[in-house]
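Heads up: the structure comes next, in structure tokens.
2 protein chains.
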Amino acid sequence: MTRPQVVIIGSGFGGLFAAQALADAPVDVTLVSRTVSHLFQPLLYQVATGILSTGEIAPATRDILRKQANATVLLAEVNRINLASRVVVAEKLAKTIALKYDYLIVAAGAGQSYFGNDQFATFAPGMKTIDDALELRARIFGSLEMAELSEDAEERQRLLTFVIVGAGPTGVEMAGQIAELTQHTLRRSFRRIDTRDAKVLLLDGMDVVLPPFGAKLSAAAKTELERNGVEVRLGALVTDVDATGLEVKDKDGSTERIAASCKIWAAGVQASPLGRTLAEQSGAELDRAGRIMVNPDLTLPGHPEVFVVGDMISLDKLPGVAQVAIQGGRYAASKIRGELTGHPVTASFAYHDKGSMAVISRYGAVAKVGKLELSGFPAWFAWLFVHLIYVVGFKNRVTTLLHWLITFVGRARSERVTTEQQLVGRLAVKQLGEDFQPTIAGTLNPGKIKH
Amino acid sequence: MTRPQVVIIGSGFGGLFAAQALADAPVDVTLVSRTVSHLFQPLLYQVATGILSTGEIAPATRDILRKQANATVLLAEVNRINLASRVVVAEKLAKTIALKYDYLIVAAGAGQSYFGNDQFATFAPGMKTIDDALELRARIFGSLEMAELSEDAEERQRLLTFVIVGAGPTGVEMAGQIAELTQHTLRRSFRRIDTRDAKVLLLDGMDVVLPPFGAKLSAAAKTELERNGVEVRLGALVTDVDATGLEVKDKDGSTERIAASCKIWAAGVQASPLGRTLAEQSGAELDRAGRIMVNPDLTLPGHPEVFVVGDMISLDKLPGVAQVAIQGGRYAASKIRGELTGHPVTASFAYHDKGSMAVISRYGAVAKVGKLELSGFPAWFAWLFVHLIYVVGFKNRVTTLLHWLITFVGRARSERVTTEQQLVGRLAVKQLGEDFQPTIAGTLNPGKIKH
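Which chain is which? The protein sequence lines are A and B, in order. Using the working numbering, count along the first sequence one by one with no gaps and you end on 1426. Using the working numbering, count along the second sequence one by one with no gaps and you end on 1426.
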């Protein structure tokens, strides 16, 4: 007798936690993902800024589920879902597989949104994947390397200007880390530039940083960012991005061009295109970010066998955070298990807000848990504690803690490797522009030591 | 008064140790390298097989030299040396720099040699750079992922066949690790394949593995490899390599085609092309591997101000190992310091062989130190100790030891991340072939669990 087949799309928080919650259910689980890893996205910025290794935030999904006998992990990208015949079609390297399901959990997440300006992506990568983080690592450290080679003051300033678009947690954390790198960590590693001349600019179209944290914490975060050397510019819309800079429109309608080699986009999200597929077949509605308006039990309208969880859903204005995905994945699993074991779950999905936090600087953070608002060191310590718990696996917890010791106490960055491929192949064209020309014709004075 | 300028080309063992040995010399040191890191090449295979992170074996060179006030590190690739005018010209991302030197230390190392068959490189990457290691990581783990998707027995066997060409230390260590991965580590992580069906084939044209270790240890290494599931095939020349396999010619003249998706080339080295530049201008001779026949004091004939160290030299049949480069770099530095401080070094370069070791399996290695020959656990323990000492930096030592604990005791691999770029962009075309076609038309049975 074959057991009911549960297919899960995605290995992020929603997909992984759903799979784990089905460990003891009388089903076979197949988790299909286009990446081999479960990505701990909230720490992606630490890979980009040289604190953590890729393995620490992205353990192999099949490793995590190794001991769960009813779970199979497949590396393939789902490109078709047929709700009528209950089949998912996925592909990898020209190999196509079809998976029949009795239950489907769609947890394919969201990508970066450039609000209709996808051409910006080339010059201002987002922060959604391991590829993004390594690309940004190459751009951040690579800009400093190129500045060290430059003899042209204007070019050097452009190479030393870092612009982060979007003042949500990702943008704030990136800005904080780049300021820490240039103001402190790397200060004595260069000879021909003073990395403290770097300008770290955090832009947002809204009037506050970290809006969901409330007025008090937002103000505290802004003050702490500025104290650490981040220039915060609010009410500023980005109207154009290219290889050598970007154009910003302020509230008063005035525009300004900012010369900057390294741009980072952390401004918006767009749900997986699988949302559109589901909507078209089920008649469900999509919001502007491509998220599906699901039923209160996270099912697709008209399809009680199809659950959608995490960043792909539009329900009760739930935010696109890890906890919504985790709790959604577990809820979907409990519904399936309940149905099969004769104990149906009748309650709607209820999200329990466990709070949010964002790191601003070394030993500084903001945290909001219910009515409790923390900032400074207490918030930072809470962040450390919570994140260590959520890093997957005991082994990763140990090496992550070590890398954090190295970074927070020792102020060093030990994971800074960029590949030639990233540095030369991509940085050259995308960051510096195709018209980038040699600026040093003469002979460098190699002994010009500043420190 | 400007101090004498020492330019060092390369951030490998030769270049880095030369720079460090000049810390107290009355000179300005400029180290120019085309990579941002000092690569600990002997552990590259551990990055490829998921044991170590890139940061652990490739710390940023400018970090290592941060406190050495007389040293400047520049990221640029040297493409011209003018011995007459004593100028080195380097380039990065279309930016050109020229460096005048009073002393030059050329430590640009060696790349992989395909003995005139450079087209093999696409299908069988070498093991010389971080890019190589990450590319191979994607190919090794990616082959297993694709095998898990495959429903075609012949294709699956091709995806499960790993061929390592060259039975020197790198080839032996790679073969041993892939066997460990497939025989033990990953066994329970897959559901549709049994990774123990994988075939790990170590090929060499010579008649023994690890020839420099002597007959007894070579035999011990071969036995240990075979005991761990590596098929060792000696006296076998590779005559062709393509996307889906390779052609091997045995001693008796017979040829055989072996179907294998993942091929690794660890068979030969070719000195940096800078050797040819130096030879053409100085009249020095090159050997077949492009190495320069230097004077007994490591200087270029006719140029007492130019030293060549490490893998680029041909002198007294010295091997291309880390210790030759380290000692050569230090010797060159002592010559320069001696000349400037009135205590000239007159002795020729004398290499002190500190021994060699190669890891064969978990807890198994061979080591030769002078007349002392060790194999099995004692050799492995010696390897552990020596390598921990040579891993650069206390912090890397701690995390490396932890990753080794995870791997050797826990039998896990925590650094397995491959980027989409590596997996899709490169694996597809280069490993599976452009004519790779979908082989699964029907519906996979997701519940087919083998273990």
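Ideal Cβ placement from N, Cα and C applies to all residues, glycine included.
>> Taking 8 Å as the threshold (C-beta atoms), are A/Val1269 and A/Leu1249 in contact?
In response: no
>> Taking 8 Å as the limit between beta carbons, can you name the residues of its chain near A/Gln1245, skipping five residues before and five after?
In response: Ala1085, Gly1086, Gln1087, Ser1088, Ala1264 and Gly1265
> Looking only at C-alpha atoms, which of B/Asp1127, B/Tyr1306 and B/Glu1231 sits nearest to B/Leu1135?
Replying inline: B/Asp1127
> Whose Cβ in chain B lies nearer than 7 Å to the Cβ of A/Pro1034?
Replying inline: Ser1389
> Grouping DSSP H, G and I as helix and E and B as strand, with all else coil, what is B/Asp1003?
Replying inline: strand
> Mind checking B/Phe1042: buried by the 16 CB within 10 Å criterion, or exposed?
Replying inline: Reading off the sequence, residue 1042 of chain B comes out as Lys, not Phe. B/Lys1042 is exposed by the Cβ-count criterion.
> Cα separation between B/Thr1160 and B/Ser1336?
Replying inline: 12 Å
> If you compare alpha carbons, which of A/Asn1092, A/His1278, A/Leu1006 and A/Lys1103 is closest to A/Val1064?
Replying inline: A/Leu1006
>> Suppose you measure from the CA of A/Cys1237 to the CA of A/Thr977; what does that come to, to the nearest Å?
In response: 54 Å
>> Any beta carbon of chain D sitting closer than 8 Å to that of B/Lys1103?
In response: The structure shown contains no chain D; the protein chains it does contain are A and B.
> Apart from the five residues just before and just after B/Thr1316, which ones in its own chain have a Cβ nearer than 8 Å to its Cβ?
Replying inline: Ala1000 and Pro1001
>> Which residues in chain A have a C-beta closer than 7 Å to the C-beta of B/Asn1371? List them in chain order.
In response: Ser1389
>> With H, G and I counted as helix, E and B as strand and the rest as coil, what does DSSP make of A/Gly1351?
In response: strand
> At least one CB of chain B closer than 8 Å to the CB of A/Ile1080: is that the case?
Replying inline: no
>> Below 9 Å on C-beta distance, what does B/Gly1385 contact in chain A?
In response: Lys1370
> Relative to chain B, which residues along the stretch 1066-1080 of chain A have a C-beta separation below 9 Å, given in chain order?
Replying inline: Glu1066, Lys1067, Leu1068, Ala1069, Lys1070, Thr1071, Ile1072, Ala1073, Leu1074, Lys1075 and Tyr1076
> Can you tell which of A/Thr1274, A/Asp1328, A/Val1334 and A/Gly1351 has the C-alpha that lies nearest to the C-alpha of A/Ser1309?
Replying inline: A/Thr1274
> Taking a cut of 9 Å between CB atoms, which residues from the stretch 1151-1185 of chain B lie near chain A?
Replying inline: Leu1161, Arg1163, Ser1164, Phe1165, Arg1166 and Arg1167
> Within 8 Å (strictly less), CB to CB, does B/Ser1247 reach chain A?
Replying inline: no
> For the putative contact between A/Ala1051 and A/Lys1075, defined by C-beta atoms under 8 Å, what is the C-beta separation to the nearest angstrom?
Replying inline: So it is not a contact: roughly 15 Å between Cβ atoms.
> In chain order, which beta strand (DSSP E) runs of at least 3 residues are fully inside the stretch 992-1073 of chain B?
Replying inline: 1003-1008, 1046-1050, 1052-1057 and 1062-1067
>> I'd like to know if A/Thr1374 contacts chain B, where contact means its C-beta is closer than 8 Å to some C-beta of that chain.
In response: yes
>> Tell me whether the stretch 1190-1198 of chain A and the stretch 1346-1355 of chain A touch, counting them as touching only if at least three CB pairs, one residue from each stretch, are closer than 8 Å.
In response: yes
> Per DSSP, B/His1278 is paired with what?
Replying inline: B/Leu1275
>> Counting beta carbon pairs with one atom in the stretch 1163-1176 of chain B and one in the stretch 1114-1125 of chain B, are three or more of them shorter than 8 Å?
In response: yes
> At a CB-CB cut-off below 7 Å, which residues of chain B make contact with A/Val1392?
Replying inline: Ser1012, Thr1029, Gly1030, Ala1033 and Ile1105
> Using a beta-carbon distance below 8 Å, is B/Met1121 in contact with chain A?
Replying inline: yes
> Just checking, does the stretch 1031-1042 of chain A make contact with the stretch 1384-1393 of chain B on the three C-beta pairs under 8 Å criterion?
Replying inline: yes
> Got a sec: which bits of the stretch 1037-1049 of chain A sit with their beta carbon under 9 Å from any beta carbon on chain B, in order along the chain?
Replying inline: Arg1037, Asp1038, Leu1040, Arg1041, Lys1042, Ala1044, Asn1045, Ala1046, Thr1047, Val1048 and Leu1049
>> For a cutoff of 8 Å on Cβ pairs, would you count A/Ala994 as touching chain B?
In response: no
> Is B/Arg1166 helix, strand or coil when you go by DSSP?
Replying inline: coil
>> So with CB distances below 9 Å, who are the chain A contacts of B/Phe1116?
In response: Val1011 and Ala1035
>> Within 8 Å of any Cβ in chain B, is that where the Cβ of A/Ile984 sits?
In response: no
> For A/Ile1364, which beta-bridge partners are listed by DSSP?
Replying inline: DSSP output for A/Ile1364 lists no bridge partner at all.
> If you run the structure through DSSP and keep just helix, strand and coil, what is B/Glu1130?
Replying inline: helix
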